[in-house]
Amino acid sequence: DTEVTQTPKHLVMGMTNKKSLKCEQHMGHRAMYWYKQKAKKPPELMFVYSYEKLSINESVPSRFSPECPNSSLLNLHLHALQPEDSALYLCASSQAGGLGYGYTFGSGTRLTVV
Amino acid sequence: ILNVEQSPQSLHVQEGDSTNFTCSFPSSNFYALHWYRWETAKSPEALFVMTLNGDEKKKGRISATLNTKEGYSYLYIKGSQPEDSATYLCALSLNTGNQFYFGTGTSLTVIP
Numbered sequence: 009d010t011e012v013t014q015t016p017k018h019l020v021m022g023m024t025n026k027k028s029l030k031c032e033q034h035m036g037h038r039a040m041y042w043y044k045q046k047a048k049k050p051p052e053l054m055f056v057y058s059y060e061k062l063s064i065n066e067s068v069p070s071r072f073s074p075e076c077p078n079s080s081l082l083n084l085h086l087h088a089l090q091p092e093d094s095a096l097y098l099c100a101s102s103q104a105g106g107l108g109y110g111y112t113f114g115s116g117t118r119l120t121v122v
Numbered sequence: 003i004l005n006v007e008q009s010p011q012s013l014h015v016q017e018g019d020s021t022n023f024t025c026s027f028p029s030s031n032f033y034a035l036h037w038y039r040w041e042t043a044k045s046p047e048a049l050f051v052m053t054l055n056g057d058e059k060k061k062g063r064i065s066a067t068l069n070t071k072e073g074y075s076y077l078y079i080k081g082s083q084p085e086d087s088a089t090y091l092c093a094l095s096l097n098t099g100n101q102f103y104f105g106t107g108t109s110l111t112v113i114p
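Listed in order, the protein sequences are those of chains A and B.
Numbering (my numbering) for the first sequence: 9 to 122.
Numbering (my numbering) for the second sequence: 3 to 114.
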């Protein structure tokens, strides 16, 4: 299996809702990432997990809460989001510490906050 | 904030034309330069990883070059086909930290 699977593909949520995005990979990669992409902007890093431990949090608001329950799964819990949080959320994985290897990406979750 | 710039932002070419676009990046602390091809509603697909100044990589009709001293990489597509239509993203990784810095992408449309 050489894929990163993200679910759901699309999500519409209200500002008072709680929802979760899920990301799964079975390539044995020990680094996993959440990126956020707004239209016509580059993907921006949100969180990095390395060996299931949070290693980078790029000053993301606490309404986004990441979780890495095991080496194959990465979740992003969403609560009390704002309309400006509407974006494409991309998950990626890589061999830990191997920036020369590149990422394997999921196809993203398109989130709309209403 | 680290600036990785791609130009042009978008490009329309006729089928059969060859084309190229640029990724510019700061050259300090360089570790690797990555190119991805991203079709709408799909996952970005890795094309090339380049680490050495002067690297040239080729995959079918697509090739890339790297100049780390002046901080740029070119991606070339020879004889463009409609299936080449996609956004081409470059990303920089540094020898410090554990993340990529992405450009905004070049959107290529190949007209049959």
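Using N, Cα and C, we set each Cβ at its ideal position, and we do this for glycine too.
Am I right that residue i and residue j are in contact with their C-beta atoms under 8 Å? What's the rounded C-beta distance?
i, j, result
"threonine 13 of chain A", "glycine 116 of chain A", "The pair is not a contact, with the Cβ atoms about 11 Å apart (cut-off 8 Å)."
"leucine 2 of chain A", "leucine 84 of chain A", "Shown here, chain A extends from 9 to 122; a query on residue 2 of chain A therefore has no answer."
"glutamine 83 of chain B", "glutamate 41 of chain B", "The pair is not a contact, with the Cβ atoms about 13 Å apart (cut-off 8 Å)."
"tyrosine 111 of chain A", "tyrosine 41 of chain A", "7 Å"
"glutamine 8 of chain B", "threonine 108 of chain B", "5 Å"
"glutamine 45 of chain A", "leucine 96 of chain A", "5 Å"
"leucine 96 of chain B", "asparagine 31 of chain B", "4 Å"
"methionine 21 of chain A", "valine 121 of chain A", "6 Å"
Just verifying my parser: in three-state terms, what is the DSSP assignment at residue i?
i, result
"proline 28 of chain B", "coil"
"glutamate 72 of chain B", "coil"
"proline 74 of chain A", "strand"
"glutamate 17 of chain B", "coil"
"glutamate 11 of chain A", "coil"
"glutamate 60 of chain A", "coil"
Expressed to the nearest angstrom, what Euclidean distance is found between the alpha-carbon atoms of residue i and residue j?
i, j, result
"serine 20 of chain B", "threonine 67 of chain B", "16 Å"
"glutamate 75 of chain A", "tyrosine 59 of chain A", "12 Å"
"leucine 13 of chain B", "glutamate 85 of chain B", "14 Å"
"tyrosine 43 of chain A", "asparagine 65 of chain A", "11 Å"
"lysine 60 of chain B", "proline 10 of chain B", "21 Å"
"phenylalanine 72 of chain A", "lysine 80 of chain B", "43 Å"
"threonine 53 of chain B", "proline 46 of chain B", "20 Å"
"glutamine 90 of chain A", "threonine 106 of chain B", "24 Å"
"threonine 15 of chain A", "lysine 44 of chain B", "13 Å"
"glutamate 92 of chain A", "serine 79 of chain A", "31 Å"
"lysine 26 of chain A", "glutamine 101 of chain B", "28 Å"
"glutamate 32 of chain A", "leucine 81 of chain A", "5 Å"
"valine 51 of chain B", "alanine 34 of chain B", "7 Å"
"proline 50 of chain A", "leucine 62 of chain A", "23 Å"
"aspartate 9 of chain A", "aspartate 57 of chain B", "30 Å"
"lysine 17 of chain A", "serine 94 of chain A", "13 Å"
"serine 67 of chain A", "glutamate 52 of chain A", "11 Å"
"isoleucine 113 of chain B", "histidine 34 of chain A", "38 Å"
On the DSSP bridge assignment, give the partners of residue i in chain order.
i, result
"leucine 4 of chain B", "Answer is none; leucine 4 of chain B lacks a bridge partner."
"arginine 39 of chain B", "B:Glu47 and B:Tyr90"
"asparagine 83 of chain A", "A:Lys30 and A:Glu75"
"asparagine 65 of chain A", "A:Phe55"
"alanine 66 of chain B", "B:Lys59 and B:Leu77"
"serine 82 of chain B", "Partner(s): none; serine 82 of chain B has no beta bridge."
"serine 95 of chain B", "B:Ala34 and B:Phe102"
Report whether the distance from the Cβ of residue i to the nearest heavy atom of the ligand FAD is below 7 Å.
i, result
"proline 16 of chain A", "The model depicted lacks the ligand FAD and carries no ligand whatsoever."
Contact between the segment 66–74 of chain B and the segment 21–28 of chain B (3+ Cβ pairs under 8 Å): Taking a contact to require three or more Cβ pairs closer than 8 Å, the segment 66–74 of chain B and the segment 21–28 of chain B qualify as touching.
Touch test, the segment 37–52 of chain A against the segment 95–106 of chain A, Cβ-Cβ under 8 Å, three pairs minimum: Segments in contact, yes.
Contact the segment 87–103 of chain B vs the segment 30–38 of chain B: 3+ CB pairs below 8 Å: Contact between the segment 87–103 of chain B and the segment 30–38 of chain B is present: three or more C-beta pairs spanning the two stretches fall below 8 Å.
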